[in-house]
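Worksheet for the structure shown next.
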Amino acid sequence: MLKNRIIPCLDVKNGRVVKGINFVDLQDAGDPVEQAKIYSDGGADEICFLDITASNENRDTIYEVVERTSKKCFVPLTVGGGVRSVDDINKLLNCGADKVSINTAAVQNPEVVIESSKKFGSQCIVVAIDAKKNGDKWEIFTHGGRNNTGIDAIEFAKKMEDSGAGELLVTSMDRDGTQVGYDIELMSKISSQVNIPVIASGGVGNLDHLVDGIKLGNASAVLAASIFHYGKHSVKEAKEYLDSKGIPVRI
Amino acid sequence: MNVTIVDYNSGNISSVINSFREVAKDKVNIEVTSDLNKIKSSDKVVLPGQGSFKSCVDALNKIDGLVDTLSEFAINNKKPLLGICVGLQMFADIGYEEVETKGLGWISGKVSKIDNQGGKFKLPHIGWNEINIKKESKIFKGIENNSHMYFVHSYEFVPEDKSVISATTDYSTDVVCAAEKENIFGTQFHPEKSDKSGLKIIDNFINL
């Protein structure tokens, strides 16, 4: 039976982890590779890096991070943030990323999704959808949530599936950083409208939120950042909790 | 010993390279090449494959003499070869992804889309699933039945002779996830991304 996945996400800026696990035995708490290794040793089903490096001159730092991580972690590695072109995707894959998540570029230029999924296969193309509720619909935001495009998120999700995306990483901008739980309505709407796996993201504050994302939101995988930081919960704890709630997980 | 990972522009193979190098350490030399002479002289060959059946077959055929060299290695000389993902699928006679495409024909059978029961099961089949070991295999030495492996695929290998099936996984139906015929091994899942169990399979293959 296919298991639901738990994906810890690390924000990486200029090659360093921005938040992250704060264990005393870490040699270098800011090193993304060391943190990723802790997650994968703890049973993470995948690792996600979100590159939030703002300046262009430091953008190459992520490549070095991915290269080092892929030599240490033998679970899938997804990298997103600032991915603009087929060439960017190619570079990340060559450094050892298994999947690349595309956000703004997928909205501005869906050709990138079509072309890259043809070239590299759908299995490595994740489209990241940042959505915010407006009335009775959700609209797509780009540029890290700063720009409202007015595009309907559900329609966009279907379009991305048709364009060749292998998975959708759906983040609720209303919930991101609030720790009040995923936007379940958004997750379940998108999940029911597409036939590719949906990864729920944005708003996790406790382990019950992960359960809800899967049980109520019908997500195939749940992504979370802050609950795994500072040792609040380990990936292992999260899995045991999901297991106790009858959710199939890899233990 | 030399193990060659065939680099034929079949998509992203860096994870395959990293995992084999991790397992091999300094004991075994891991080559990454499409050089025919190097393939001929190696002890074992790994045939990765990502993307579509057609794109991988096309990429193999693009390199002059590669298919013949691989056939000579695996079929005539009976040296160990491991196909991963589409690398396994290409053992078949024929594949139906995009358009009907001829495979290597090393293990009779076809590659068709997983029956997802009209959308009841999402495709691609992505994530960790258990393998049901169907027959004893040297590459499963030390691997417990129902171990988890990492999958990403929408198509499955359906061999004619069911005795080649070494493991299946349950996704909508019993999907063939490992096949073995004499010296030819194949996994539909990605051992290179399947953590410790996956690395163990790689270790078993290297130590055949």
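Order-wise, the sequence lines are chains L and R.
With my numbering, the residue at position 196 of the first sequence is 196, and numbering never jumps.
With my numbering, the residue at position 123 of the second sequence is 123, and numbering never jumps.
Built from N, CA and C at the ideal position, the CB exists for glycine as well.
Cβ-Cβ separation, residue j to residue i (assumed contact under 8 Å), whole Å
| i | j | result |
| --- | --- | --- |
| residue 223 (chain L) | residue 200 (chain L) | 7 Å |
| residue 32 (chain L) | residue 49 (chain L) | 6 Å |
| residue 8 (chain L) | residue 228 (chain L) | 5 Å |
| residue 109 (chain R) | residue 160 (chain R) | 5 Å |
| residue 132 (chain L) | residue 160 (chain L) | Wrong, their Cβ atoms sit about 17 Å apart, outside the cutoff. |
| residue 138 (chain R) | residue 77 (chain R) | That belief does not hold up - the Cβ atoms of residue 138 (chain R) and residue 77 (chain R) are roughly 18 Å apart, past 8 Å. |
| residue 190 (chain L) | residue 180 (chain L) | That pair is no contact at about 19 Å. |
| residue 192 (chain R) | residue 3 (chain R) | Not a contact, Cβ separation roughly 13 Å. |
| residue 138 (chain L) | residue 154 (chain L) | 7 Å |
| residue 24 (chain R) | residue 206 (chain R) | 6 Å |
| residue 321 (chain L) | residue 53 (chain L) | No answer is possible for residue 321 (chain L): it lies beyond the span of chain L, which begins at 1 and ends at 251. |
| residue 80 (chain R) | residue 27 (chain R) | Their Cβ separation, rounded to whole angstroms, is 16 Å, which puts residue 80 (chain R) and residue 27 (chain R) out of contact at 8 Å. |
| residue 74 (chain L) | residue 14 (chain R) | Their Cβ separation, rounded to whole angstroms, is 12 Å, which puts residue 74 (chain L) and residue 14 (chain R) out of contact at 8 Å. |
| residue 66 (chain L) | residue 86 (chain L) | Wrong, their Cβ atoms sit about 17 Å apart, outside the cutoff. |
| residue 184 (chain L) | residue 122 (chain R) | Contact doesn't hold; Cβ gap of about 18 Å is too wide. |
| residue 47 (chain R) | residue 83 (chain R) | 5 Å |
Beta carbon of residue i nearer than 8 Å to that of residue j
| i | j | result |
| --- | --- | --- |
| residue 81 (chain L) | residue 51 (chain L) | yes |
| residue 203 (chain L) | residue 182 (chain L) | yes |
| residue 153 (chain R) | residue 197 (chain R) | no |
| residue 85 (chain R) | residue 119 (chain R) | no |
| residue 127 (chain R) | residue 5 (chain L) | yes |
| residue 55 (chain L) | residue 95 (chain L) | no |
| residue 107 (chain R) | residue 184 (chain R) | yes |
| residue 114 (chain R) | residue 171 (chain R) | yes |
| residue 121 (chain L) | residue 61 (chain L) | no |
| residue 141 (chain L) | residue 134 (chain L) | no |
| residue 53 (chain R) | residue 87 (chain R) | no |
| residue 65 (chain R) | residue 10 (chain R) | no |
| residue 187 (chain L) | residue 129 (chain R) | no |
| residue 164 (chain L) | residue 117 (chain L) | yes |
Residues bridged to residue i (per DSSP)
| i | result |
| --- | --- |
| residue 143 (chain L) | Beta-bridge pairing links residue 143 (chain L) to no other residue. |
| residue 130 (chain L) | L:141, L:171 |
| residue 109 (chain R) | R:159 |
| residue 101 (chain L) | L:80, L:126 |
| residue 5 (chain L) | L:221 |
| residue 50 (chain L) | L:11, L:80 |
| residue 186 (chain R) | R:83, R:179 |
| residue 167 (chain R) | R:133, R:178 |
| residue 260 (chain L) | Here chain L has residues from 1 to 251 only, and residue 260 (chain L) is not among them. |
| residue 173 (chain R) | R:171 |
| residue 6 (chain R) | R:33 |
| residue 152 (chain L) | L:139 |
| residue 151 (chain R) | R:127 |
| residue 59 (chain L) | In the DSSP output, where bridge partners are listed per residue, residue 59 (chain L) has none listed. |
| residue 16 (chain L) | L:13 |
ask   = Can we say the segment 29–42 of chain L touches the segment 213–222 of chain L, given the rule of at least three CB pairs closer than 8 Å?
value = no
inquiry  = Does the segment 133–141 of chain R come into contact with the segment 164–175 of chain R, if we say contact requires no fewer than three beta-carbon pairs (one atom in each stretch) closer than 8 Å?
reply    = The answer is yes - the segment 164–175 of chain R touches the segment 133–141 of chain R, with three or more Cβ pairs under 8 Å.
key: Contact the segment 170–180 of chain R vs the segment 62–75 of chain R: 3+ CB pairs below 8 Å   = no
key: Validate contact between the segment 241–249 of chain L and the segment 97–115 of chain L using beta carbons, cut 8 Å, 3 pairs   = No: the two stretches stay apart, fewer than three of their Cβ pairs being nearer than 8 Å.
ask   = Quick one: any contact between the segment 121–130 of chain L and the segment 157–169 of chain L, if contact means 3 or more CB pairs under 8 Å?
value = The answer is yes - the segment 157–169 of chain L touches the segment 121–130 of chain L, with three or more Cβ pairs under 8 Å.
ask   = Pairing CB atoms from the segment 90–102 of chain R with CB atoms from the segment 188–208 of chain R, are three or more of them under 8 Å?
value = no
request  = Please specify which runs of the alpha helix (DSSP H), each continuous and at least 4 residues long, are wholly inside the segment 192–228 of chain L, giving them in chain order.
outcome  = 207–215
Within the segment 28–64 of chain R, ranges of the alpha helix (DSSP H) (whole runs, at least 4 residues) = 36–41, 53–62
Runs of beta strand (DSSP E) wholly within the segment 62–128 of chain R (minimum 3 residues, chain order) = 81–84, 109–113
inquiry  = Whether or not the segment 55–63 of chain R and the segment 14–31 of chain R are in contact is what I'm after, with contact meaning three or more pairs of Cβ atoms, one per stretch, closer than 8 Å; do they touch?
reply    = no
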